[in-house]
Structure formats: structure tokens, C-alpha cells
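In our numbering, the protein residues as written are 1 to 405. Read through the structure below, which is laid out as C-alpha cells, and then see the notes.
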Ligand SMILES: *Cc1c(COP(=O)(O)O)cnc(C)c1O
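What follows is the structure in C-alpha cells.
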């Protein structure tokens, strides 16, 4: 990997903070114990380290450590929450409400349950990426057992009206689960105060290691239970068996502590950098910001450059900047982002989008260089584009009939 590569893909994963790595190291060789080994000091040391990390994680989100279940990440947390609630409460009803712009770990889990007899409602979003609260309220019926809405979107950074959703769920007596992977550690997240009963998140999106995450499950007002999806030794109060990833959990705990102490200053610094990045790119013609700008994560900007194809644009700086585009290469075709399409963007705008996500290690120099490189790329692509030429000549592109192929 080139040393000069600028990393603007922190929503995909964040670098592990060196202070986190340092905290983890003793738990590979010096302290190799299994946290479930009760008969010798190796086990006790490991158990103590896990208990401490559980407190660090709980403190970040203001919950009781007993309400934190360690998992292998947010994908597992999403699966455990949704499948676990469905299995535990399906006698009460089989209806689950979620949103079209959720992460695949939620959508595919709901698809799976649909095949098993669940009824799933997929709420649309408004053009700004947020759900309409009246739509949610209207969708709740006597058989509804769960509402699943992500805290912040991974592609756009758009933050949902969580408190209002929590209030509706509470009034209707429905459980509220949130995939808060993109929010925890970056903005204040307090599930209890927000009316969230279950919440999944992961270490590697908040400067911790990959392969470890947590599911918060409320134990009081209400006491929520989920059916285990992995059976075995009865770890994690029977909800998630398997030997605990002690070094990973220690790192997750350290990452949570650092986030608690540094979140406010990181967010303030990054929102300024993000605003500068966005302003620099918006100086280009025919450029739009996707998603609600007021309710948005401080480090994210999703921007479409009209009449430019995102994947092609990325090729112009793929040796210098790491980021994601709104196109996903599937086996045969270039699919536009389903998140942007759900927000009402046409295929062309969805295809021309870039997701820029800053992080703790982003610098002002990174931002200035990214503005220059991306602007050069957009200008270059447009110079080569017959569509851009037509646009500049004043042709109304919406009136053109493109031939089907
Ligand atoms: C990254 C991400 C996940 C998946 O998390 P893993 O820990 O990699 O399984 C789930 N949901 C959202 C919103 C994410 O951004």
C-alpha cells in the first residue's frame, strides 16, 4: 500500500488506534487465559479483563454492564437481535417493521425471517434519507413485535429521528432495535434515554479491532430476552455461546473509553474538516450533497457529481485516495446504491456519487489534497464526456430518448 494513500473510507472500517493495540497485546501471550476457566489464575485474569472491558463499553452508552453481550461484530448483533426477538416473541405476533435503507445485515436477516413466516414492512424514506414518523405509526399493528431502525446510515451519515421513534414504540408497546454501528463512539448514544431496547454496534468502526462487537439488550423496563442463535457453553448469559475473544474485547473496551473521552473533540474537528471538504467539492458545477445535512454524522459527506460515472471517477485517483462510490460492482452489472435509490435519486445521480468518510487520523492536508485530486478527476471525466458537452450546450438531457439495450 502506498504511503501517500489518503484514507477517506472510515465508514467501511477505521484504523485500530495504536493505544488500543497496546492494550490488547498482553492478552495474546502473557495472559492467554480463557475467560470461562474458573480453576486457575489465567482464567481469572482473562475474566477480569473482560469484566473491565464490559464496563468500559457500558459506560460509553450509559447502560448496565450486564446489558452488554459481546458478539463477533454488528452483523452478528443484527442477526441475534432480530432473529432472537422473533423467536422469543413470535407467539405475540410475527410482524417486523424496518426501513429500505438499512444495512444488508438487517435487510437480509429480515428476508430470511420472511421465508420462515414473518411479515416484514419496509418503510420508505424521504428524499433527505429520514423516515416519516406518521408512516411508522401507521405501519404498527397488533401483531407488530419489533421496529428496527438504524441510528445513522453508513452511506450518507443521515441520523434518524431516534427519540421520536422511541416514543412511538413505547406508546405502542413495541420493541425497538437499532443498528447503531455508525453512531456509537462518534456521537452521544444513550439507548435508555432514547427508548431503544436492543442495539448492535462494532469495535472496528470506532478505532477498535475487527471481529468483535456488542449487542445491548435491556434488562429493566422492559426486560427483553432474545433466543440464542449460537448454542454451546452458555457464555454471555446463554445468549451467545463461544469462547470470548479476550484480546479483541480488551481492545473494544479501550476503544470505547477513548471514544467516551475524545468523541466531542474528534467530532468538532472532523465536522470542520468535512465542511471544508464539502465546500471545496461543491465549488464544482452540478454537484449535490445527498441526505439531510442538519441530521448527519459529523465526519461524512455523500456527494453526487452530475454526468460523471462514479466508478470511472474513482479510477482517476485510486492510487491516491481510498473511498467508496455509490455503485456496487456485482457479478454482472454495476448496481446503483439501493440507499440512494430509496432516497429518490435517479440511477445517474446514484452512480455518480462518492462517499467521503473522515476519521480520527484524517488531517487538513488530506482534505486539501483530496479536494484537488477529486476536482481534477471530475473535470477530466467531464472533458471526455459527450453528455457533459451536451449539458454545456444547453441540451435538456431529461428530454433525450436513450435507446434501450
Ligand atoms: C459495518 C456495518 C455493519 C457490519 O458490522 P461488522 O462488525 O463488520 O459485522 C452493520 N451495520 C452497519 C450500519 C455498518 O456500518
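No residue lacks a Cβ here, since even glycine has one placed at the ideal position from N, Cα and C.
If you draw a straight line from the Cα of residue 142 to the Cα of residue 89, it comes to about 13 Å. Inter-residue distance for residue 211 and residue 248 is about 7 Å (C-alpha atoms, whole angstroms).
Only exposed fits residue 399, as fewer than 16 other CB atoms lie within 10 angstroms of its CB. Within the model, the alpha-carbon separation for residue 108 versus residue 83 is close to 11 Å. Spatial neighbours of residue 302 in its own chain (CB-CB distance under 8 Å, excluding positions within 5 residues in sequence) are listed in chain order as 155, 156, 157, 289, 290, 291, 326, 340, 353, 354, 355 and 356. In the three-state reduction of the DSSP assignment, residue 353 falls in the strand class, which pools E and B. Taking a C-beta distance under 7 Å as the contact criterion, residue 244 and residue 35 qualify as a contact pair. For the pair residue 94 and residue 118, the CB atoms are nearer than the 7 Å cut-off. Note that the stretch 230–242 does not touch the stretch 256–265; fewer than 3 beta-carbon pairs, one per stretch, sit closer than 8 Å. Per DSSP, the beta-bridge partners of residue 152 are 159. Within the same chain, 6 come within 6 Å of residue 366 by CB-CB distance, once the 5 residues on both sides are set aside. Not one heavy atom of ligand 1 is found less than 6 Å from the C-beta of residue 290.
In the DSSP assignment, residue 327 is bridged to 336.
Residue 105 sits away from residue 253, with the two beta carbons spaced by 7 Å or more. For residue 267, same chain residues with a beta-carbon under 6 Å away, outside a window of 5 residues either side, are 298 in chain order.
Only residues of its own chain outside the window of five on either side were considered, and among them 190 have a CB closer than 6 Å to the CB of residue 62, listed in chain order.
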